[in-house]
Structures are given as structure tokens and as C-alpha cells.
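Peer 1: Here it is: the structure, laid out below.
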Amino acid sequence: MAFPPRVLESWSSTTDKFFGEGFVLTGNVTEFLDPIFSSGVTLATVSSQLAAHLVIRKLKGDTIDWNKEYTEQMMQGINTFRSYVMAWYDGTLDTIFFSEKQDNAIKNKICSVLAGYVWDTTNLYVKDHSTALQKLARLIELEKKYSTKEE
Ligand SMILES: Cc1cc2nc3c(=O)[nH]c(=O)nc-3n(C[C@H](O)[C@H](O)[C@H](O)COP(=O)(O)OP(=O)(O)OC[C@H]3O[C@@H](n4cnc5c(N)ncnc54)[C@H](O)[C@@H]3O)c2cc1C
1198 MAFPPRVLES WSSTTDKFFG EGFVLTGNVT EFLDPIFSSG VTLATVSSQL
1248 AAHLVIRKLK GDTIDWNKEY TEQMMQGINT FRSYVMAWYD GTLDTIFFSE
1298 KQDNAIKNKI CSVLAGYVWD TTNLYVKDHS TALQKLARLI ELEKKYSTKE
1348 E
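Below, the structure is given as C-alpha cells:
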């Protein structure tokens, strides 16, 4: 049966509070990102493991700074994934993926992020996730522009 095209929007959802008295949220219920780069299982397992370790420490009597030790840690990974999802939709990643000139060192770093290593802040493409892709895409575009002018 033919039907008009339908649009599904707002795939992502989040919550203001990741923890509270007697509970900690993990996985999808904490933050559901557009699953374009398979972030769901990584975020679910990493958040559950991190939360479980903190709960064990809390039950042993430790004082836990949940904002610093949980929310901030999770946001580091979530925000990195989000930068890549946005860069996918705005075309930045297309420019990088389909560039004629490929730099293997950069490629490895970006593949590492897409493989889920979004907490590895020794990787520039994690540490500067909000700007690094745009800078690289801009450089590729400039190189392309000037190489076509020279021909
Ligand atoms: C079609 C599809 C394909 C996907 N492909 C990928 C992929 O390739 N790679 C990837 O990384 N991610 C993928 N995802 C996303 C990934 O599956 C989820 O992000 C991940 O499973 C989230 O895990 P979770 O434990 O937080 O939530 P869930 O796996 O949704 O688990 C939540 C559990 O809580 C139970 N529950 C809900 N309410 C209650 C309640 N009131 N009381 C008791 N139990 C309750 C539910 O029954 C469920 O078992 C995909 C998702 C879908 C739908």
C-alpha cells in the first residue's frame, strides 16, 4: 500500500539527573543518542560498569562525588559521540572519509573513536572532539581548492 513519506525526528533523548538518593541511571535511560555509530552498547556497558564500581565503594562507606566521578565521566563519552553524530549529518565526516588524500595516523585516531574509545583523551580526536573534525575538513577543502587552481 502506498503512503506519503513519514519523518521520524528527535531520536536522541537525555535527562538532567544521572543519579539521586538510592539510584543511578545507566545506558539508554541516561542518554539515548542517534545510534549511527553504534554508541548504544558501549554507553550501556561502560556506564553500568562505572556505576557498579561506585555503588560498591558507596556500600563500603566511601564518599562519592557522583557529579565528578559519574556524570562528568559519562558526559565526556556522550559528548564525543555526539560530535561525531553531528559531523555525520552536517557533511563534515563525508569530506574527511572521501578525501582523496588520506593520512593513516589521523584515520587511525578517527577509527579509534568510532570503535568506541571515546574516553581516550590522549587521542586529539577525542580531546578536541568539538573542533578537530571541522578543522580537518576545512583543511581538506582548502587543499582541494588550491590544488584545483594550480592545475
Ligand atoms: C534495532 C536496534 C538496533 C540497534 N543496533 C545497535 C548497534 O548495532 N550497536 C549499538 O551499540 N547499539 C545498537 N542499538 C542500541 C542498543 O541496543 C541500546 O542502546 C542498548 O541496548 C541500551 O541498553 P540498556 O541496557 O540501557 O537498555 P535496554 O537494552 O533497552 O534494556 C532496558 C531493560 O529494562 C527493562 N525495563 C524497562 N522498563 C522497566 C521497568 N519499569 N521495570 C523493569 N524492567 C524494565 C526492559 O524490558 C529492558 O530489558 C540498537 C537498538 C535497536 C532498537
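Residue numbers (the numbering used here): 1198 to 1348. We put the CB at the ideal spot given by N, CA and C, even for glycine.
1) Please state whether the Cβ-Cβ distance between residue 1280 and residue 1330 is less than 8 Å.
2) Taking the beta carbon of residue 1205 as the centre, do at least 16 other beta carbons fall within 10 Å, making it buried, or is it exposed?
3) Tell me whether residue 1234 sits in a helix, a strand or coil according to DSSP, three-state version.
4) Using the rule of at least 16 other Cβ atoms within 10 Å of the residue's Cβ for burial, across every protein chain shown, is residue 1326 buried or exposed?
5) Using 8 Å as the Cβ pair cut-off and three pairs as the minimum, do the segment 1292-1304 and the segment 1248-1255 touch?
6) Alpha carbon to alpha carbon, how far is residue 1272 from residue 1227? Give it in angstroms, no decimals.
7) State the start and end residues of the unbroken alpha helix (DSSP H) segment that holds residue 1311.
8) Between residue 1234 and the rest of its own chain, which residues show a CB-CB distance below 6 Å, the 5 nearest in sequence each way excluded?
Peer 2: On the basis of the supplied data:
1) It is a contact, given that the beta carbons lie within the stated cut-off.
2) exposed
3) helix
4) Burial call: buried.
5) Remark: fewer than three beta-carbon pairs, one from each stretch, lie closer than 8 Å, so the segment 1292-1304 and the segment 1248-1255 are not flagged as touching.
6) 10 Å
7) 1301-1311
8) 1281, 1311
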